[in-house]
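With numbering that gives the first Met the number 0, the residue at position 66 of the first sequence is 65, and numbering never jumps. The beta carbon of each residue, even a glycine, is placed where N, CA and C say it ideally should be. Here is the structure we will look at.
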Amino acid sequence: MGRQPCCDKLRVKKGPWTAEEDKKLVSFILSNGHCCWRAVPKLAGLLRCGKSCRLRWTNYLRPDLKRGLLTDAEEQIVINLHARLGNRWSKIASKLPGRTDNEIKNHWNTHIKKKLLRMGIDPITHKPLTDDQSSPAATTSSNSAITIEEIFGSNHASPPQETGINPVSIELNSGTCQDPMVIENCILEDHHNSTFSDSYWSFLDGIEANWEGLSSHEWLLDYQDFGLEDLELEILGFDHEENKLS
DNA sequence: AACGAAACCAACCGCCAATCC
DNA sequence: GGGATTGGCGGTTGGTTTCGT
0 MGRQPCCDKL RVKKGPWTAE EDKKLVSFIL SNGHCCWRAV PKLAGLLRCG KSCRLRWTNY
60 LRPDLKRGLL TDAEEQIVIN LHARLGNRWS KIASKLPGRT DNEIKNHWNT HIKKKLLRMG
120 IDPITHKPLT DDQSSPAATT SSNSAITIEE IFGSNHASPP QETGINPVSI ELNSGTCQDP
180 MVIENCILED HHNSTFSDSY WSFLDGIEAN WEGLSSHEWL LDYQDFGLED LELEILGFDH
240 EENKLS
């Protein structure tokens with residue numbers, strides 16, 4: 000009855016993935032897809048369980064992943080979504096193209112949570128830890144416009160240079176719609192349909208020829224920049240002259 | 001320079017809803 | 001219909017790197 004076990008736990012490898020394993024997994028999935036994760040390790044020649052393969056692909060090897068720290072705009076979206084959804088990281092990640100639930104979860108626990116606590120905001124309830132309701136960042140209610148400065152302060156140390164985005168004030172309730180969630184949903188919806196860049200497919204064409212001699216992640220690092228930052232700002236309707244969303 | 005503490009993040013674990021047989 | 005399995009999710013762990021003294 001039922002299906003076979005996903006893997007023989009006694010014969011699977013654990014721990015960090017090697018470059019060779021990454022190579023096998025990417026090559027296999029790009030050639031054959033992943034109709035059934037249970038079959039992937041066997042067919043790809045990997046001594047891993049299907050679950051491990053899926054996680055590796057989803058969180059690290061997927062070609063549409065962004066890398067580096069979350070931008071200020073992304074952090075604000077995460078904060079807004081977390082205020083409404085709680086720890087539903089996959090739902091939050093679905094609104095941030097190129098980001099994984101694991102990445103967002105890690106970023107929340109290591110960065111955002113601490114920032115909010117330093118500001119006296121409860122990262123769980125998103126309400127002030129004290130009774131003082133006058134704090135401008137004390138609420139993420141649907142009809143309030145929260146700027147980056149309000150959340151992180153005008154002199155926060157988050158380095159934007161990695162992504163090329165300057166620290167700016169973004170008002171999410173601009174336009175006729177006052178609900179940041181609605182705006183976020185609308186502006187990010189189309190992003191999910193974006194296809195891989197030509198550079199990525201070119202990369203795949205030469206993947207076998209160029210793989211030898213590369214360290215574990217060099218070949219991926221070359222493809223971290225698909226121009227998604229610019230695309231995202233374009234989708235967001237970012238006005239560079241006004242330095243905010245139009 | 002050396003050491004310990006803190007921060008970071010990839011990977012694993014366990015649970016659960018959906019699906020299969 | 002019901003047990004077994006899959007795929008996905010959130011929580012946690014532990015190895016590595018960075019920071020502070």
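Burial state of residue i (16 or more Cβ within 10 Å)
{"i": "Pro15", "result": "exposed"}
{"i": "Gly49", "result": "buried"}
{"i": "Arg53", "result": "buried"}
{"i": "Cys176", "result": "The pLDDT assigned to Cys176 is 36, lower than 50, so where the model puts this residue is not dependable; a value taken from the coordinates is nonetheless given after this. Exposed: under 16 other Cβ atoms inside 10 Å."}
{"i": "Thr109", "result": "exposed"}
Cβ-based neighbour list, residue i, same chain, cut-off 8 angstroms, excluding 5 preceding and 5 following
{"i": "Glu73", "result": "Leu95, Arg98"}
Proximity of residue i and residue j at Cβ, strictly below 8 angstroms
{"i": "Trp56", "j": "His33", "result": "yes"}
{"i": "Lys104", "j": "Trp88", "result": "yes"}
{"i": "Leu46", "j": "Lys23", "result": "no"}
{"i": "Asn31", "j": "Asn101", "result": "no"}
Beta-bridge partners of residue i, as assigned by DSSP
{"i": "Ile120", "result": "Pro127"}
Rounded separation between residue i and residue j - CA only
{"i": "Lys41", "j": "Arg61", "result": "20 angstroms"}
{"i": "Ile76", "j": "Arg83", "result": "11 angstroms"}
{"i": "Pro127", "j": "Asp63", "result": "37 angstroms"}
{"i": "Lys112", "j": "Ser51", "result": "28 angstroms"}
{"i": "Ile120", "j": "Ser93", "result": "25 angstroms"}
{"i": "Arg66", "j": "Arg117", "result": "26 angstroms"}
{"i": "Cys35", "j": "Ser26", "result": "16 angstroms"}
{"i": "Ala79", "j": "Leu68", "result": "For the sequence presented, residue 79 should be read as Asn rather than Ala. Cα-Cα distance, rounded: 18 angstroms."}
{"i": "Glu20", "j": "Arg37", "result": "16 angstroms"}
{"i": "Thr70", "j": "Trp107", "result": "13 angstroms"}
{"i": "Asn86", "j": "Ile28", "result": "30 angstroms"}
{"i": "Ala43", "j": "Ile91", "result": "31 angstroms"}
Same chain, Cβ closer than 7 angstroms to residue i, neighbours up to 5 away in sequence not counted
{"i": "Thr124", "result": "none"}
Beta-carbon proximity list for residue i, same chain, < 6 angstroms, skipping 5 on both sides
{"i": "Lys12", "result": "Leu46, Arg47"}
{"i": "Val39", "result": "His33, Gly49, Cys52"}
{"i": "Pro122", "result": "Lys112, Leu115"}
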